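Q:
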Amino acid sequence: MLPIDVFLLVLRLLFIVLIYLFLAQVVATISRDLKRNRDEGPAPTTLGHLVLIGSGPNNLAPGTSFTLEPRTTIGRGPTNTIRIDDKTISSEHAQLQYHNGLWYVKDVGSSNGTFVNDQPAYSPLPAKTGDVIRIGYVRFQLKP
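Its first residue numbered 1382, the sequence shown is counted upward by one per residue in my numbering.
1) Taking only the alpha-carbon atoms, compute the straight-line gap between threonine 1510 and proline 1525 and give it to the nearest angstrom.
2) May I ask which residues mark the beginning and end of the beta strand (DSSP E) holding isoleucine 1516?
3) Have a look at the DSSP bridge pairing and note the partners of glutamine 1406.
4) Please report the straight-line C-alpha distance between asparagine 1440 and valine 1407, rounded to a whole angstrom.
5) In whole angstroms, what is the alpha-carbon distance linking asparagine 1481 and aspartate 1466?
6) Buried or exposed, going by whether 16 or more other CB atoms sit within 10 Å of the CB of aspartate 1488?
7) Which of the three DSSP states, helix, strand or coil, is assigned to serine 1412?
8) Output yes or no for whether 7 Å exceeds the beta carbon distance between isoleucine 1470 and valine 1497.
9) Would you mind reading off the limits of the beta strand (DSSP E) that contains valine 1432?
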């Protein structure tokens, strides 16, 4: 049986080894992430914009432009890509998705509806440059 002093020394050494292994893992992970970010190249080009053309009963200025991501969500809630504080817009209102050169607009269960050129978007509707997208009472035009 080992004396208690030797046992405590072995435990301390094992603890130090575990700390160094943990730090080595952290450094390896950070290095890998930095290399991946460097290898990905420049940020992707912008796929399009939604330009406000009619704001309904709120303070949004016509001409305000919102940059679209490949999958863009619109609503009042804080997790949306485009957040609009308007009582006619649901917390999760609409989704725009870019696929094969076209945007697809879909209502995601809102109270006041989502429309593409006045056509309800219950299921994904294709939208192209110049089309008008209405979310609640707020109207946007799809721009490149």
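Positions of the beta carbon are idealized from the N, C-alpha and C atoms, including for glycine. None of the values given here were measured: they were computed from a predicted structure.
A: Let me lay it out:
1) Position 129 of the sequence shown holds residue 1510. Position 144 of the sequence shown holds residue 1525. Rounded to the nearest angstrom, the two C-alpha atoms are 6 Å apart.
2) One-based indexing of the sequence shown puts residue 1516 at position 135. Per DSSP, isoleucine 1516 belongs to the beta strand (DSSP E) from 1513-1516.
3) Here residue 1406 refers to the residue found at position 25 of the sequence shown. DSSP lists no partner for glutamine 1406.
4) Here residue 1440 refers to the residue found at position 59 when the sequence shown is read from its first residue. Here residue 1407 refers to the residue found at position 26 when the sequence shown is read from its first residue. One C-alpha to the other measures close to 47 Å.
5) Working through the sequence shown from its first residue, we reach residue 1481 at position 100. Working through the sequence shown from its first residue, we reach residue 1466 at position 85. For asparagine 1481 and aspartate 1466, the distance between alpha carbons rounds to 31 Å.
6) On the sequence shown, residue 1488 is found 107 positions in, with the first residue counted as 1. Buried.
7) Counted from its first residue, the sequence shown places residue 1412 at position 31. Correct three-state label for serine 1412: helix.
8) Reading the sequence shown from its first residue, position 89 is the one you call residue 1470. Reading the sequence shown from its first residue, position 116 is the one you call residue 1497. Against a cut-off of 7 Å, the Cβ pair of valine 1497 and isoleucine 1470 comes out as no contact.
9) In the sequence shown, residue 1432 corresponds to position 51, counting from 1. Residues 1430-1435.
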